[in-house]
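*Asks:* Let me begin by handing over the structure; questions about it come next.
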Amino acid sequence: MPLDIGAGILVSLFVSNLYGFDATPIFILLGVAFALLPDIDMLWYLLRKPARHDHRVFTHYPLFYLPACFLIYIFLGPIYGTLFTLCVVMHLVHDTIGLGWGIAWLAPFSQRKFRFLSPTGSSTGGWEFFRTWIPKEEFELVERQQDHAWVKHYYLRPNIIGFVEYGVLITGLTALYVYFY
13 MPLDIGAGIL VSLFVSNLYG FDATPIFILL GVAFALLPDI DMLWYLLRKP
63 ARHDHRVFTH YPLFYLPACF LIYIFLGPIY GTLFTLCVVM HLVHDTIGLG
113 WGIAWLAPFS QRKFRFLSPT GSSTGGWEFF RTWIPKEEFE LVERQQDHAW
163 VKHYYLRPNI IGFVEYGVLI TGLTALYVYF Y
């Protein structure tokens, strides 16, 4: 989440510069909201308290956003269409790399998930470059690699994932400060 917030800020500033207008606080907040949008399914996940470990359902399917990208571009214009598209794609790429359980990039046509450069769990301390799996293989993968204390291990202790995530957030906040002051 820190990476998504920082990237939403940076993408908002990039889009305002790309189209040659001054970004407003509302425009930047909209970019952050767009960058967090795929995780809206987390609200349902938290309310249901399911046995499943993964909240990444249709809101993490890239093809789900194609109509929205098109409609925002047509009705709100290229500035908002670009902002929406870049922020959502950035979030989906982020969820494919590092922490988490990958993205089903070809859904709904295929439920195969993909992830890159991810830790193999706190018990192993290892990393893997690439993994792909189908839903019926996920339970075994989760049993082997799930880290129930991932927030503590990756956000509250020094490590490469925390450095990258907080680094992007700090960079975004710094760029925001420089931009407005």
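Numbering-wise, the sequence shown is residues 13 to 193 according to my numbering.
All residues carry an ideal CB built from backbone N, CA and C; glycine is no exception.
(1) Less than 8 Å between the CB atoms is what I'm expecting for R124 and W139, so what's the real figure, rounded?
(2) Skipping 5 residues on each side, what residues in its chain have a beta carbon closer than 7 Å to that of A63?
(3) Please name the residue or residues paired with F142 in a DSSP beta bridge.
(4) Does the structure place the segment 84 to 94 close enough to the segment 105 to 112 that three or more beta carbon pairs sit under 8 Å?
(5) Measuring CB to CB, does L181 end up less than 9 Å from P14?
(6) Alpha helix (DSSP H) containing P37: first to last residue?
(7) Can you give me the C-alpha to C-alpha distance between G110 and S130, rounded to a whole angstrom?
(8) Keeping to the same chain, check which residues put their C-beta closer than 6 Å to that of L98; ignore five residues upstream and five downstream.
*Replies:* To lay it out plainly:
(1) The Cβ separation is near 21 Å, so there is no contact.
(2) In this prediction, A63 scores a pLDDT of 49, lower than 50, which makes its location untrustworthy; the coordinate-derived value is nonetheless stated afterwards. If the five residues before and after A63 are omitted, its C-beta is found closer than 7 Å to no C-beta atom of its own chain.
(3) Bridge partners of F142: F128.
(4) Touching, no, given that fewer than three Cβ pairs across the two stretches are closer than 8 Å.
(5) Yes, they are a contact pair.
(6) Counting along the chain, the alpha helix (DSSP H) containing P37 begins and ends at 37 to 48.
(7) Using only the alpha carbons, I get a separation of about 4 Å.
(8) Exclusion of the five residues before and after L98 leaves V23 as the residues of its chain whose Cβ lies within less than 6 Å of its Cβ.
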